[in-house]
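Beneath this line is the structure, given in structure tokens, with notes to follow.
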Amino acid sequence: SQQGEEDPQALSIQEGENATMNCSYKTSINNLQWYRQNSGRGLVHLILIRSNEREKHSGRLRVTLDTSKKSSSLLITASRAADTASYFCATALGYGQNFVFGPGTRLSVLP
Amino acid sequence: NAGVTQTPKFQVLKTGQSMTLQCAQDMNHEYMSWYRQDPGMGLRLIHYSVGAGITDQGEVPNGYNVSRSTTEDFPLRLLSAAPSQTSVYFCASSYGTGTDTQYFGPGTRLTVL
Numbered sequence: 001s002q003q004g005e006e007d008p009q010a011l012s013i014q015e016g017e018n019a020t021m022n023c024s025y026k027t028s029i030n031n032l033q034w035y036r037q038n039s040g041r042g043l044v045h046l047i048l049i050r051s052n053e054r055e056k057h058s059g060r061l062r063v064t065l066d067t068s069k070k071s072s073s074l075l076i077t078a079s080r081a082a083d084t085a086s087y088f089c090a091t092a093l094g095y096g097q098n099f100v101f102g103p104g105t106r107l108s109v110l111p
Numbered sequence: 112n113a114g115v116t117q118t119p120k121f122q123v124l125k126t127g128q129s130m131t132l133q134c135a136q137d138m139n140h141e142y143m144s145w146y147r148q149d150p151g152m153g154l155r156l157i158h159y160s161v162g163a164g165i166t167d168q169g170e171v172p173n174g175y176n177v178s179r180s181t182t183e184d185f186p187l188r189l190l191s192a193a194p195s196q197t198s199v200y201f202c203a204s205s206y207g208t209g210t211d212t213q214y215f216g217p218g219t220r221l222t223v224l
């Protein structure tokens with residue numbers, strides 16, 4: 001089974017609404033990162049939150065991390081059609097270890 | 112700064128053929144890695160390298176070889192292509208070994224007939 005699991009698998013919202021995606025993981029982590037992938041393209045890094053942080057903001061993005069529940073959430077506020085993409089969480093287990101990606105959440109923002 | 116580049120963008124192979132997927136980065140990153148992405152799944156690590164001359168296996172290394180003779184380049188070789196290797200392949204690099212932001216290439220879409 002995978003270290004990171006995003007929820008929901010797919011999400012469809014109207015432009016202007018907020019989108020929330022969740023990620024759960026199984027083992028202790030060094031940090032957790034969120035990436036975006038537009039259709040047919042490579043992944044683009046969005047935000048990194050370290051294990052000793054609880055919340056982080058970047059523009060319209062807000063990420064929370066609850067290490068006691070081994071979960072993270074990504075909130076995109078005031079969504080735009082351009083936010084339509086797949087979103088992945090990746091957990092970094094530690095120095096010298098590798099990232100483990102979840103299967104992703106596919107977000108559709110309808111105009 | 113070109114970032115991470117991959118060639119080719121698309122490739123069709125017949126079962127049993129071999130080929131090399133190229134990956135290069137111009138950011139002087141020590142850490143480079145190869146992933147494959149299959150429909151409905153996240154990325155799975157194939158091989159990675161923490162510096163020139165040093166490589167190691169990831170989660171799904173069978174059927175693939177890598178080498179790292181320079182900091183910039185990290186080619187992935189398919190020894191004898193199989194239909195199960197049909198996938199999209201991504202190369203990534205980062206400053207640190209596994210905990211820093213990863214920069215991804217645009218991907219190579221490989222089909223094995």
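As given, the protein sequences belong to chains A and B, one line each in that order.
Here our numbering is used: the first sequence runs in plain steps of one and ends on residue 111.
Here our numbering is used: the second sequence runs in plain steps of one and ends on residue 224.
For glycine and all other residues, C-beta sits at the position ideal for the given N, C-alpha and C.
Please read all numbers here as calculations on a predicted model, not as lab measurements.
DSSP-derived helix/strand/coil call for residue i
{"i": "A:ALA81", "result": "helix"}
{"i": "A:GLN2", "result": "Bear in mind that the predicted position of A:GLN2 carries a pLDDT of just 48, short of 50, making it unreliable; the figure below should be weighed with that in mind. A:GLN2 falls in the coil class under three-state DSSP."}
{"i": "B:GLN213", "result": "coil"}
{"i": "B:GLN196", "result": "helix"}
{"i": "A:SER72", "result": "strand"}
{"i": "A:ILE13", "result": "strand"}
{"i": "B:VAL171", "result": "coil"}
{"i": "B:PHE201", "result": "strand"}
{"i": "A:ALA156", "result": "With chain A represented from 1 up to 111, any question about residue 156 of chain A goes unanswered, as that position is not in the structure."}
{"i": "B:GLY162", "result": "strand"}
{"i": "B:PHE121", "result": "strand"}
{"i": "B:PHE185", "result": "coil"}
{"i": "B:ARG179", "result": "coil"}
{"i": "B:LEU156", "result": "strand"}
{"i": "A:SER86", "result": "strand"}
Boundaries (first-last residue) of the beta strand (DSSP E) holding residue i
{"i": "A:LYS56", "result": "55-58"}
{"i": "B:GLN136", "result": "130-136"}
{"i": "B:GLN117", "result": "115-118"}
{"i": "A:TYR25", "result": "19-25"}
{"i": "B:SER144", "result": "142-148"}
{"i": "A:TYR35", "result": "31-37"}
{"i": "B:ARG220", "result": "219-223"}
{"i": "A:ARG50", "result": "43-50"}
{"i": "A:SER108", "result": "105-110"}
{"i": "A:THR64", "result": "61-66"}
Candidates the options: closest to residue i by CA position
{"i": "B:ASP211", "options": "B:CYS134, B:ARG147, B:VAL161, B:GLN122", "result": "B:VAL161"}
{"i": "B:THR197", "options": "B:VAL171, B:THR166, B:LEU190, B:VAL123", "result": "B:VAL123"}
{"i": "B:ARG179", "options": "B:CYS134, B:TYR206, B:TYR214", "result": "B:CYS134"}
{"i": "A:SER72", "options": "A:SER79, A:CYS89, A:ALA78", "result": "A:CYS89"}
{"i": "A:SER85", "options": "A:THR105, A:SER68, A:ARG62", "result": "Strictly speaking, residue 85 of chain A in this sequence is Ala, with Ser absent from that position. Checking every option, the nearest Cα to that of A:ALA85 belongs to A:THR105."}
{"i": "A:VAL63", "options": "A:LEU11, A:LEU110, A:VAL109, A:ASN22", "result": "A:ASN22"}
{"i": "A:PRO103", "options": "A:THR20, A:SER24, A:ASN18", "result": "A:SER24"}
{"i": "A:VAL100", "options": "A:THR27, A:LEU75, A:ILE76, A:LEU11", "result": "A:THR27"}
{"i": "B:SER191", "options": "B:MET152, B:GLY127, B:ILE165", "result": "B:GLY127"}
{"i": "A:ARG60", "options": "A:ASN18, A:ILE13, A:GLN9, A:LEU110", "result": "A:ASN18"}
{"i": "A:ARG41", "options": "B:GLY207, B:PHE201, B:VAL223", "result": "B:PHE201"}
{"i": "A:LEU48", "options": "A:THR91, A:ASN98, A:GLU15", "result": "A:THR91"}
{"i": "B:VAL177", "options": "B:VAL171, B:GLU183, B:THR166, B:GLU170", "result": "B:THR166"}
{"i": "B:GLY174", "options": "B:ASP184, B:GLU183, B:ILE157", "result": "B:ILE157"}
Beta-carbon spacing of residue i, residue j below 9 Å
{"i": "A:LEU46", "j": "A:ARG54", "result": "no"}
{"i": "A:ASN31", "j": "A:SER58", "result": "no"}
{"i": "B:LYS120", "j": "B:GLY218", "result": "yes"}
{"i": "B:PRO194", "j": "B:THR131", "result": "no"}
{"i": "B:SER129", "j": "B:LEU221", "result": "no"}
{"i": "B:ASP137", "j": "B:ASN112", "result": "yes"}
{"i": "B:GLY114", "j": "B:GLY216", "result": "yes"}
{"i": "A:LEU65", "j": "A:ASP83", "result": "no"}
{"i": "A:ASN98", "j": "B:GLY169", "result": "yes"}
{"i": "A:LEU110", "j": "A:THR20", "result": "no"}
Proximity test, residue i beta-carbon vs the ligand NAP heavy atom, cut-off 8 Å
{"i": "A:SER39", "result": "Inclusion of the ligand NAP in the displayed structure is not the case, the ligand content being empty and no account of it being possible."}
Interface residues of chain D facing residue i [CB-CB closer than 7 Å]
{"i": "B:LEU154", "result": "Going by chain labels, chain D is absent from the structure shown, which instead holds the protein chains A and B."}
(request) Assess, as a yes-or-no matter, whether the stretch 138-152 of chain B is touched by the stretch 161-176 of chain B under the definition of 3 or more beta carbon pairs within less than 8 Å. (result) yes
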